[in-house]
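Novice: First to last, the sequence lines map onto chains A and B.
For any residue, its number in this note's numbering is found by taking its place in the first sequence, counting from 1, and adding 4.
For any residue, its number in this note's numbering is found by taking its place in the second sequence, counting from 1, and adding 4.
Glycine residues also receive a C-beta, built at the ideal position from the N, C-alpha and C atoms.
In this text the structure is predicted, and so the values were computed from the model without any measurement.
Protein chains: 2
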Amino acid sequence: MNNYYSQEAHGPFQTIDIGRLELAEGGVLENCRLAVATHGHLNEAKDNAILVPTWYSGTSKIMEQVYIGPGRALNTDKYFIVVVNQIGNGLSISPHNAEPPQAGPRFPKVRIEDDVRAQHRLLTEHFGIQRLALVTGGSMGAQQTYEWAVRYPDMVERAAPIAGTACNTEHDFVFTETLVEAIETDPGFQDGNYRSSAEVSAGLKRHARLWTVMGWSTEFFRCGRHRALGFETMQAFVDGFMNGYFGPMDPNDLLCMAWKWQRGDVSRLTGGDKAKALGRIRAKTYVMPITSDMFFPPSDCLAEQHLIPGSSFRPIQSIDGHLALFGTDAEAIAQIDAHLQELLAQPSPL
Amino acid sequence: MNNYYSQEAHGPFQTIDIGRLELAEGGVLENCRLAVATHGHLNEAKDNAILVPTWYSGTSKIMEQVYIGPGRALNTDKYFIVVVNQIGNGLSISPHNAEPPQAGPRFPKVRIEDDVRAQHRLLTEHFGIQRLALVTGGSMGAQQTYEWAVRYPDMVERAAPIAGTACNTEHDFVFTETLVEAIETDPGFQDGNYRSSAEVSAGLKRHARLWTVMGWSTEFFRCGRHRALGFETMQAFVDGFMNGYFGPMDPNDLLCMAWKWQRGDVSRLTGGDKAKALGRIRAKTYVMPITSDMFFPPSDCLAEQHLIPGSSFRPIQSIDGHLALFGTDAEAIAQIDAHLQELLAQPSPL
Numbered sequence: 005m006n007n008y009y010s011q012e013a014h015g016p017f018q019t020i021d022i023g024r025l026e027l028a029e030g031g032v033l034e035n036c037r038l039a040v041a042t043h044g045h046l047n048e049a050k051d052n053a054i055l056v057p058t059w060y061s062g063t064s065k066i067m068e069q070v071y072i073g074p075g076r077a078l079n080t081d082k083y084f085i086v087v088v089n090q091i092g093n094g095l096s097i098s099p100h101n102a103e104p105p106q107a108g109p110r111f112p113k114v115r116i117e118d119d120v121r122a123q124h125r126l127l128t129e130h131f132g133i134q135r136l137a138l139v140t141g142g143s144m145g146a147q148q149t150y151e152w153a154v155r156y157p158d159m160v161e162r163a164a165p166i167a168g169t170a171c172n173t174e175h176d177f178v179f180t181e182t183l184v185e186a187i188e189t190d191p192g193f194q195d196g197n198y199r200s201s202a203e204v205s206a207g208l209k210r211h212a213r214l215w216t217v218m219g220w221s222t223e224f225f226r227c228g229r230h231r232a233l234g235f236e237t238m239q240a241f242v243d244g245f246m247n248g249y250f251g252p253m254d255p256n257d258l259l260c261m262a263w264k265w266q267r268g269d270v271s272r273l274t275g276g277d278k279a280k281a282l283g284r285i286r287a288k289t290y291v292m293p294i295t296s297d298m299f300f301p302p303s304d305c306l307a308e309q310h311l312i313p314g315s316s317f318r319p320i321q322s323i324d325g326h327l328a329l330f331g332t333d334a335e336a337i338a339q340i341d342a343h344l345q346e347l348l349a350q351p352s353p354l
Numbered sequence: 005m006n007n008y009y010s011q012e013a014h015g016p017f018q019t020i021d022i023g024r025l026e027l028a029e030g031g032v033l034e035n036c037r038l039a040v041a042t043h044g045h046l047n048e049a050k051d052n053a054i055l056v057p058t059w060y061s062g063t064s065k066i067m068e069q070v071y072i073g074p075g076r077a078l079n080t081d082k083y084f085i086v087v088v089n090q091i092g093n094g095l096s097i098s099p100h101n102a103e104p105p106q107a108g109p110r111f112p113k114v115r116i117e118d119d120v121r122a123q124h125r126l127l128t129e130h131f132g133i134q135r136l137a138l139v140t141g142g143s144m145g146a147q148q149t150y151e152w153a154v155r156y157p158d159m160v161e162r163a164a165p166i167a168g169t170a171c172n173t174e175h176d177f178v179f180t181e182t183l184v185e186a187i188e189t190d191p192g193f194q195d196g197n198y199r200s201s202a203e204v205s206a207g208l209k210r211h212a213r214l215w216t217v218m219g220w221s222t223e224f225f226r227c228g229r230h231r232a233l234g235f236e237t238m239q240a241f242v243d244g245f246m247n248g249y250f251g252p253m254d255p256n257d258l259l260c261m262a263w264k265w266q267r268g269d270v271s272r273l274t275g276g277d278k279a280k281a282l283g284r285i286r287a288k289t290y291v292m293p294i295t296s297d298m299f300f301p302p303s304d305c306l307a308e309q310h311l312i313p314g315s316s317f318r319p320i321q322s323i324d325g326h327l328a329l330f331g332t333d334a335e336a337i338a339q340i341d342a343h344l345q346e347l348l349a350q351p352s353p354l
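(1) By alpha-carbon positions, which one of B/LEU327, B/VAL204, B/CYS171 and B/ALA336 ends up nearest to B/THR274?
(2) With a threshold of 8 Å, are at least 3 pairs of Cβ atoms found where one atom belongs to the stretch 76-90 of chain A and the other to the stretch 54-61 of chain A?
(3) Tell me whether the stretch 117-125 of chain A and the stretch 146-158 of chain A touch, counting them as touching only if at least three CB pairs, one residue from each stretch, are closer than 8 Å.
(4) Alpha carbon to alpha carbon, how far is B/PHE177 from B/CYS305?
(5) Anything in chain A within Cβ reach of B/SER303, meaning under 9 Å, just list it in chain order.
(6) Quickly, what does DSSP pair A/LEU78 with across the bridge? List them, please.
(7) Is there at least one Cβ from chain B nearer than 8 Å to A/ARG210's Cβ?
(8) Between the alpha carbons of B/GLU161 and B/GLN350, how many angstroms are there, rounded?
(9) Grab the span of the alpha helix (DSSP H) containing B/GLY145 for me, first residue to last.
(10) Helix, strand or coil: how does DSSP classify A/CYS305 here?
(11) Considering only C-alpha positions, which residue in the set B/THR128, B/ALA167, B/ILE133 and B/ASN35 is nearest to B/MET144?
(12) If contact means a Cβ-Cβ distance below 9 Å, which residues of the stretch 167-196 of chain A contact chain B?
(13) Comparing the C-beta of A/ARG267 with each C-beta of chain B, is any distance below 8 Å?
(14) Tell whether a beta-carbon distance below 8 Å holds between B/GLY132 and B/TYR83.
(15) Does DSSP put A/GLU185 in a helix, in a strand, or in coil?
(16) Nearest chain A C-beta to B/VAL217 closer than 8 Å, yes or no?
(17) Do you know offhand how far B/LEU25's Cα is from B/ASN35's?
(18) Excluding five sequence neighbours on each side, which residues of the same chain lie with their C-beta closer than 7 Å to the C-beta of A/MET159?
(19) Is the shortest distance between the beta-carbon of A/MET292 and the beta-carbons of chain B less than 8 Å?
(20) Report the option in B/HIS100, B/THR140, B/ARG115 and B/THR169 whose CA atom is closest to the CA atom of B/PRO252.
(21) Please classify A/THR128: is it buried, with 16 or more other beta-carbons within 10 angstroms of its beta-carbon, or exposed?
(22) Going along chain A, which residues have a C-beta under 8 Å from B/THR332?
(23) First and last residue of the beta strand (DSSP E) that includes B/LYS288?
(24) B/ARG162 lies in the alpha helix (DSSP H); which residues open and close that run?
(25) B/THR187: which of B/GLY248, B/GLY219, B/ALA262 and B/GLU151 sits nearest, CA to CA?
(26) Give every residue of the same chain whose Cβ lies closer than 7 Å to the Cβ of B/ALA65, excluding the five residues on either side of it in the sequence, and list them in chain order.
(27) In terms of DSSP beta bridges, what is B/ASP243 paired with?
(28) Which residues in chain B have a C-beta closer than 8 Å to the C-beta of A/THR237? List them in chain order.
(29) CB-CB under 6 Å to B/LEU311, same chain, minus the five flanking residues each way: which ones, in chain order?
(30) Can you name the residues of chain B whose CB is closer than 7 Å to the CB of A/LEU55?
(31) Tell me which residue opens and which closes the alpha helix (DSSP H) that B/PHE224 is part of.
(32) Among A/SER271, A/PRO255, A/ALA232 and A/PRO313, which residue has its Cα nearest to the Cα of A/PHE193?
(33) Along the chain, where does the alpha helix (DSSP H) containing B/VAL217 start, and where does it finish?
(34) Just to confirm the assignment, what range does the alpha helix (DSSP H) spanning B/LEU55 have?
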């Protein structure tokens with residue numbers, strides 16, 4: 005057991021079994037358990053729902069803490085906000101909590117589209133929701149947002165992918181591969197058959213170091229933003245903040261998400277035709293890259309935005325890089341809030 | 005022996021023993037051998053010399069191929085160009101070619117200032133040169149260029165550091181640490197006691213992958229520049245181009261250079277006072293970052309340029325990232341040439 009993935013640390017959330025889920029890569033999850041946190045109330049018309057999927061390593065908790073609340077764009081007084089933890093994130097069904105014979109390294113390969121199909125069943129069958137006022141998420145949450153808008157165009161009224169792409173780039177694939185290698189090359193990893201995360205601590209530390217370098221930005225450290233967060237040196241920041249964050253996580257869970265992240269691609273639905281896939285989107289879409297993001301740079305996001313009918317490009321100005329998503333830059337969060345507020349005020353195109 | 009570091013692959017160069025060199029970290033190189041390639045002729049006044057130091061993993065050969073020739077700024081019809089291979093690069097004295105007890109992992113720690121002091125002795129004692137018309141180099145060559153201009157301000161008339169900094173940043177230090185870790189965590193590395201580079205091939209491959217991700221840019225791959233170089237996929241580019249390049253190199257040599265790179269800092273001469281150090285520069289200095297460089301981004305270079313009296317900021321526009329230095333982008337090289345041409349036409353401030 006890994007105590008990190010507990011109600012105490014990440015709750016409250018409920019675990020909902022949506023039943024048998026056949027996966028794109030051929031595997032099956034007989035009892036696909038999704039960890040779900042809801043905020044606000046679903047109205048009678050069931051037309052005030054917002055879906056928020058989660059990012060790599062993230063859970064519903066950080067979405068609640070940084071993005072959701074009364075007075076925010078994701079306003080709990082007005083909307084029924086459903087945060088669904090992605091498969092493999094440690095709260096929903098994941099390598100570390102799956103039953104044999106699927107436990108640990110034997111967990112099946114999961115794709116972004118599997119998450120989205122699972123969430124669709126959850127929303128329609130469990131909550132009886134047929135329309136989403138908004139789907140929004142950051143990073144892998146953005147990948148799921150794009151997949152939703154492409155796969156279920158008649159259900160998504162508005163979409164706001166933040167710091168992520170619809171089709172992952174080759175560059176980002178290799179970038180992510182360095183994260184995977186950092187973990188897998190630790191002898192303690194033992195092909196995924198470790199007994200606890202502590203046995204993979206060296207690999208997790210390297211993984212945290214890579215995240216430190218790529219996840220923020222040179223500007224972030226040059227301007228001493230790590231000192232503002234309480235760490236005198238960058239090394240102390242690696243050890244304290246970044247390794248403190250990733251260290252307790254389950255390596256197989258991280259690798260499950262990384263595999264999925266690398267292969268995010270909405271054009272799988274349209275035989276590899278990206279323009280056709282993005283052309284399916286009916287949702288009013290605001291594309292929101294973060295200006296200093298090394299994983300999903302604005303130029304990559306802009307190229308996709310051009311293919312989405314009626315969409316708008318809304319870059320978030322920040323020197324905090326991809327991890328501005330964490331909420332370290334209050335001004336970046338304020339920009340996201342303002343864009344989401346404006347988007348939610350737009351009439352439904354459906 | 006490692007056949008990679010041969011006259012056939014990197015020559016012609018001559019090896020000059022400048023004698024005993026005491027190192028900043030306390031070690032001593034009893035017979036400091038520098039591999040030197042010269043181009044053009046030293047005039048009688050001995051005032052037409054240009055010094056070109058080398059970068060991480062680079063040798064005098066690529067400087068000759070990409071930057072030097074008749075009709076170029078580094079004009080062999082006009083100047084006497086001395087390319088000095090940095091200590092540890094495999095041609096000059098290095099871990100892999102040092103004698104016991106300093107061979108391999110027992111090679112002493114070397115700093116940028118040790119290279120510059122060694123080069124100073126070479127130029128003054130071996131060649132009888134007292135003035136340098138120009139010092140220019142890329143990356144670690146830029147670090148050496150800065151060190152030259154700060155340490156010997158009365159000898160350097162012009163300086164052109166390309167894609168490098170005077171004081172390495174914390175971000176770049178950690179960035180480079182990921183390269184070091186990629187090699188050192190390979191079990192075949194055996195604390196530096198491997199028998200051949202082939203035993204460390206997995207680590208060298210990871211090192212090459214990190215260089216692929218960080219050394220170029222997302223834009224480079226998005227625009228298919230790797231395909232223009234003959235590689236259909238980014239993975240083929242990693243395997244063929246990048247691993248083909250780094251794979252034959254000696255891991256201890258690379259680590260010797262990486263340690264030096266991480267700690268480049270001209271302010272060691274002035275008790276940590278960076279403004280004072282850069283204020284010592286009398287050379288007319290053109291600071292030339294590459295716009296898409298992830299290692300030494302323009303913003304870091306600009307902050308230093310502001311501290312150099314009479315200097316000029318000349319960013320090189322390219323999407324090839326740091327490795328535009330390799331000469332893959334002809335337009336970037338043309339820009340560098342034009343800036344160097346203009347700089348060489350400036351009157352000497354000495």
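Specialist: Let's see:
(1) Ranked by Cα distance from B/THR274, the first of B/LEU327, B/VAL204, B/CYS171 and B/ALA336 is B/CYS171.
(2) yes
(3) yes
(4) If you take the alpha carbons of B/PHE177 and B/CYS305, they lie about 15 Å apart.
(5) THR222, GLU223 and ARG226
(6) For A/LEU78, which the question treats as bridged, DSSP gives the partners A/ILE72.
(7) The C-beta of A/ARG210 comes closer than 8 Å to at least one C-beta of chain B.
(8) 10 Å
(9) 144-155
(10) A/CYS305 sits in a helix when the DSSP states are folded into three classes.
(11) Comparing alpha carbon positions, the residue from B/THR128, B/ALA167, B/ILE133 and B/ASN35 closest to B/MET144 is B/ALA167.
(12) THR173, GLU174, HIS175, ASP176, PHE177, VAL178, PHE179, GLU181, THR182, GLU185, ALA186, THR189, ASP190 and PRO191
(13) no
(14) no
(15) Per DSSP, reduced to three states, the secondary structure at A/GLU185 is helical.
(16) yes
(17) 7 Å
(18) GLN134, ARG135 and LEU136
(19) Interface residue (Cβ-Cβ distance to chain B less than 8 Å): A/MET292 is not classified as such.
(20) When each option's Cα is compared against that of B/PRO252, the closest is B/HIS100.
(21) exposed
(22) Near B/THR332 there are no residues of chain A at all, since even the closest Cβ is about 16 Å away, more than 8 Å.
(23) Boundaries of the beta strand (DSSP E) harbouring B/LYS288: 288-291, taken from the DSSP string.
(24) Premise fails: B/ARG162 lies in the beta strand (DSSP E), 162-166, not in any alpha helix (DSSP H).
(25) Looking at the sequence shown, residue 187 of chain B is not Thr but Ile. Measuring from the Cα of B/ILE187, the nearest candidate turns out to be B/ALA262.
(26) One detail in the question is off: residue 65 of chain B reads as Lys in this sequence, not Ala. Cβ within range, chain order: HIS14.
(27) Bridge partners of B/ASP243: none, in fact.
(28) GLU174
(29) ALA279 and LEU282
(30) Those within 7 Å of A/LEU55 in chain B number zero; the least Cβ separation is about 29 Å.
(31) 222-226
(32) A/PRO255
(33) 205-219
(34) Counting along the chain, B/LEU55 falls outside any alpha helix (DSSP H), though it belongs to the beta strand (DSSP E) covering 53-57.
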